[in-house]
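J.: I have a structure I would like to understand better, so I am pasting it below and will then ask my questions one at a time.
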């Protein structure tokens, strides 16, 4: 007798184990031989959008979970760690970040974080380019603490391929101070975001001393050679490239690498340029200045491979 | 058709999935609703010792894995992170650590790390008190890169309950500069290591300004209230108590909390007192001064709960 009856619903990532339904994240290419599982309380939605398989379920202990192509994108319980780090590291590393571009970010967690800087008066313009409007709509319904600002007049949402959008900027003077690539992993619609040409498009779309950050889809324990190569690619385009890590339980290995880059060689990206006002710090659950700096610290073996 | 034939062998943590055998770590009490799995290449050993269920298998991607009572203790691929942090943080935080006591540590990874300080001339005496000699014997056979020094004349091994050993010290003048509690989790023979009385026994066994460190069995995402309580208990006995984290993929959530304590209030435990000689740094794969400091940095929400 199952506690939960899924009827005829099946999904390749969902199994019955001992009277319960479990979601298991497996990827023979990216992380062979290991698998992380979450117990399911309820299936909330499943669909194939034009671009990807979208599964949303309520887990017994981590709140609602968004899964794209079988890979966990976020859970309600720990999403703030990633959203805060990928947003506040580049914005706090910039002396005057007025125009922000988010590529991807359909769950709307990053724009929620950017809005904090709009409300502090620093950021003046926020644009998000997401390819799959289904992700935005479903996040609004099932991840309401993340998708709070997709209808806010302070945010311009463009439904388009981020890669194509950046190409269109080559003939325009529109430039950004900070670009945040919050994409899914390279398998799927985000594949182009991990190639050298993408870094060239990013550079073109940045103001002088602008900063880009992207999720790397990897961490030092999974595939450090891939990370090394991604850094080498980034360094072909940017003079100042750094690797940092976000530590959160729901990503594989409990950590996800990010790459941050600028052509301003004087900017020590591992130290924030500004401090958060004391009365605003309670809005930040993960990020603080010490976390910003500590995220760049690596174990010896990884440091020598990636930073030398 | 299974790639691997286990014959009649069964274990509650091992399942067949799609023609493969997988080990799944589940604990409804400590981490309900989540489970981490490793694909099995070969079962190396299984036994019930006098104290616990001991399973050792070769995984397809993480080398040999030691499991006690269904909980992963270490894998060959990432064990050095934990062994180095729990050993070098207290030793490098002490100005003159001559006598070291290890409680538990049957896989012998901690004494491997302590020996580095013997070879640098700092540490003069190493004692390890492990309750289960079966763990030492099996580690020597299946984890040879960890269990290298259990027969070394520079290490005194005592097969005894660490708790009883500390009690016996109450009537002796034998004291230590650093005590490292490398126990398994509270469920099982290590239960006593997480109670207030244990901190009193540790204090009694320390020289003035001595330092103790213990694994907490938890992390900030799993059960922060338990951690808060453990810190409160430790603070009843020690004036200077700090929490730090080790980030490694094979522990639940990818991170494990440690508690370090001393009665020397002038000692900022988050900053090492000494530097490693330049010609010795290559012996350390995880630990360096920056990692030491970064391990104490916590996200805002956890910092306010644990440190205020």
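Chains as they are written, first to last, in our numbering: chain G, 16 to 323; chain W, 16 to 323.
The beta carbon of each residue, even a glycine, is placed where N, CA and C say it ideally should be.
Remember, predicted model here, so these are calculated numbers, not experimental data.
If you compare alpha carbons, which of 289/W, 157/W, 192/W is closest to residue 78/W?
T.: The residue labelled residue 78/W in the question sits at position 63 within the second chain. The candidate whose alpha carbon is nearest that of residue 78/W is 157/W.
J.: Going by DSSP, name the residue or residues bridged to residue 145/W.
T.: Here the question's residue 145/W lines up with position 130 in the second chain. Residue 145/W pairs with 174/W.
J.: For a contact meaning CB atoms closer than 8 Å, what does residue 300/G contact in chain W?
T.: The sequence position of residue 300/G within the first chain is 285, counting from 1. Correct list: 314, 315, 316.
J.: With a 10 Å radius around its C-beta and 16 neighbouring C-beta atoms as the bar for buried, classify residue 131/G as buried or exposed.
T.: Residue mapping note: residue 131/G aligns to position 116 of the first chain, counting from 1. Buried, by the Cβ-count rule.
J.: Please list the terminal residues of the continuous alpha helix (DSSP H) segment that includes residue 102/G.
T.: As a first step, residue 102/G is located in the first chain; it is residue number 87 there, counting from the start. Here the alpha helix (DSSP H) through residue 102/G covers 94 to 107.
J.: Compare the C-beta of residue 179/G against all C-beta atoms of chain W and say whether one is closer than 8 Å.
T.: One-based indexing of the first chain puts residue 179/G at position 164. No, no contact with chain W.
J.: Over the uninterrupted beta strand (DSSP E) stretch that includes residue 79/W, give me the two end residues.
T.: Working through the second chain from its first residue, we reach residue 79/W at position 64. Segment 79 to 83, the beta strand (DSSP E) holding residue 79/W.
J.: For residue 281/W, write down the residues that DSSP places opposite it in a beta bridge.
T.: Here residue 281/W is taken as the residue at index 266 of the second chain, counted from 1. Residue 281/W is not bridged to any residue.
J.: So the alpha helix (DSSP H) residue 32/G belongs to, where does it begin and stop?
T.: Translated into the one-based positions of the first chain, residue 32/G becomes position 17. Premise fails: residue 32/G lies in the beta strand (DSSP E), 29 to 32, not in any alpha helix (DSSP H).
J.: Should residue 323/G be flagged as near chain W, meaning a C-beta pair shorter than 8 Å?
T.: For the purposes of this step, residue 323/G is taken as the residue at position 308 of the first chain. False, the Cβ-Cβ gap to chain W never drops below 8 Å.
J.: Out of curiosity, what's the CA-to-CA distance linking residue 16/G and residue 33/G?
T.: Stepping through the first chain from its first residue, residue 16/G is reached at position 1. Stepping through the first chain from its first residue, residue 33/G is reached at position 18. Bear in mind that the predicted position of residue 16/G carries a pLDDT of just 47, short of 50, making it unreliable; the figure below should be weighed with that in mind. Roughly 9 Å between the two C-alpha positions.
J.: Ordered along the chain, which non-local residues of its own chain (more than five positions away) have a Cβ less than 7 Å from that of residue 25/W?
T.: If you number the second chain from 1, residue 25/W lands on position 10. Hits under 7 Å: none found.
J.: Counting only C-beta atoms, is residue 292/G closer than 8 Å to chain W at any point?
T.: Counting from one through the first chain, the residue named residue 292/G turns up at place 277. Answer no: the Cβ-Cβ gap between residue 292/G and chain W never drops below 8 Å.
J.: Since residue 37/G sits in a beta bridge, which residues does DSSP pair it with?
T.: Taking the first residue of the first chain as position 1, residue 37/G is located at position 22. Its beta-bridge partners are 30/G, 54/G.
J.: Going straight from the alpha carbon of residue 146/W to that of residue 270/G, what length do you get?
T.: Reading the second chain from its first residue, position 131 is the one you call residue 146/W. Reading the first chain from its first residue, position 255 is the one you call residue 270/G. Computed Cα separation, rounded: 34 Å.
J.: Closer than 9 Å, Cβ to Cβ, to anything on chain W: give me those residues from the stretch 69 to 92 of chain G, in chain order.
T.: If the cut-off is 9 Å between Cβ atoms, the stretch 69 to 92 of chain G has 74, 75, 76, 77, 92 near chain W.
J.: Just verifying my parser: in three-state terms, what is the DSSP assignment at residue 227/W?
T.: By one-based count along the second chain, residue 227/W stands at place 212. Three-state DSSP puts residue 227/W in a strand.
J.: Within 8 Å of any Cβ in chain G, is that where the Cβ of residue 49/W sits?
T.: Position 34 of the second chain, counted from the first residue, corresponds to residue 49/W. Yes, its Cβ sits closer than 8 Å to a Cβ of chain G.
J.: Taking only beta carbons into account, state which residues of the stretch 270 to 289 of chain W come closer than 7 Å to chain G, listed in chain order.
T.: So the list reads 270, given in the order they occur along the chain.
J.: Go ahead and label residue 312/G buried or exposed: buried means 16 or more other beta carbons lie within 10 angstroms of its beta carbon, across all protein chains shown.
T.: For the purposes of this step, residue 312/G is taken as residue 297 along the first chain, with counting starting at 1. Buried.
J.: Between 84/G, 321/G, 213/G, which has its C-alpha nearest residue 236/G's C-alpha?
T.: Counting from one through the first chain, the residue named residue 236/G turns up at place 221. Minimum Cα distance to residue 236/G is reached at 321/G.
J.: In three-state terms, what does DSSP make of residue 211/W?
T.: If you number the second chain from 1, residue 211/W lands on position 196. Three-state result, residue 211/W: helix.
J.: Going along the stretch 239 to 270 of chain W in order, which residues come within less than 9 Å of chain G, judged by CB to CB distance?
T.: Result list: 260, 262, 263, 264, 265, 266, 267, 268, 269, 270.
J.: Which chain W residues are close to residue 54/G, counting only those with a beta carbon under 9 Å from its beta carbon?
T.: Indexing the first chain from 1 puts residue 54/G at position 39. The answer, in chain order, is 47, 48, 49, 50.
J.: Would a C-beta distance cut-off of 8 Å place residue 96/W and residue 264/G closer than the cut-off?
T.: Residue mapping note: residue 96/W aligns to position 81 of the second chain, counting from 1. Residue mapping note: residue 264/G aligns to position 249 of the first chain, counting from 1. Contact flag unset, no.
J.: I need the boundaries of the alpha helix (DSSP H) containing residue 257/W, first residue and last residue.
T.: Here residue 257/W is taken as the residue at index 242 of the second chain, counted from 1. Note, residue 257/W: premise wrong, no alpha helix (DSSP H); beta strand (DSSP E) at 255 to 262.
J.: Determine, for residue 148/G, whether the minimum Cβ-Cβ distance to residues of chain W falls below 8 Å.
T.: Numbered from 1 along the first chain, position 133 holds the residue referred to as residue 148/G. No, because no Cβ of chain W sits closer than 8 Å to the Cβ of residue 148/G.
J.: Using a cut-off of 8 Å between C-beta atoms, extract the partners of residue 306/G located in chain W.
T.: Translated into positions along the first chain, residue 306/G becomes position 291. By Cβ distance, chain W contributes 312, 313, 314, 315.
J.: Please state whether DSSP places residue 294/G in a helix, a strand or coil.
T.: Reading the first chain from its first residue, position 279 is the one you call residue 294/G. Residue 294/G: helix per DSSP, three-state reduction.
J.: From residue 253/G to residue 292/W, what distance separates their C-alpha atoms?
T.: To locate residue 253/G, count along the first chain from 1; it is residue 238. To locate residue 292/W, count along the second chain from 1; it is residue 277. Going by the C-alpha atoms only, they are around 34 Å apart.
J.: Restricting to runs no shorter than 3 residues, where is the beta strand (DSSP E) found entirely within the stretch 180 to 207 of chain G?
T.: Runs found: 191 to 197.
J.: Between which two residues does the beta strand (DSSP E) containing residue 74/W stretch?
T.: Counting from 1 along the second chain, the entry for residue 74/W is found at position 59. Its beta strand (DSSP E) spans residues 68 to 74.
J.: I need the DSSP call for residue 218/G, collapsed to helix, strand or coil.
T.: Stepping through the first chain from its first residue, residue 218/G is reached at position 203. It is helical.
J.: Going by other Cβ atoms of all chains shown within 10 Å of its Cβ, with 16 needed for buried, is residue 240/G buried or exposed?
T.: Within the first chain, numbered from 1, the residue matching residue 240/G stands at position 225. Label assigned to residue 240/G: exposed.
J.: Taking the C-alpha atoms as reference points, what is the distance between residue 170/G and residue 115/G?
T.: Taking the first chain and counting its residues from 1, one reaches residue 170/G at position 155. Taking the first chain and counting its residues from 1, one reaches residue 115/G at position 100. Near 10 Å, if we compare the C-alpha coordinates of residue 115/G and residue 170/G.
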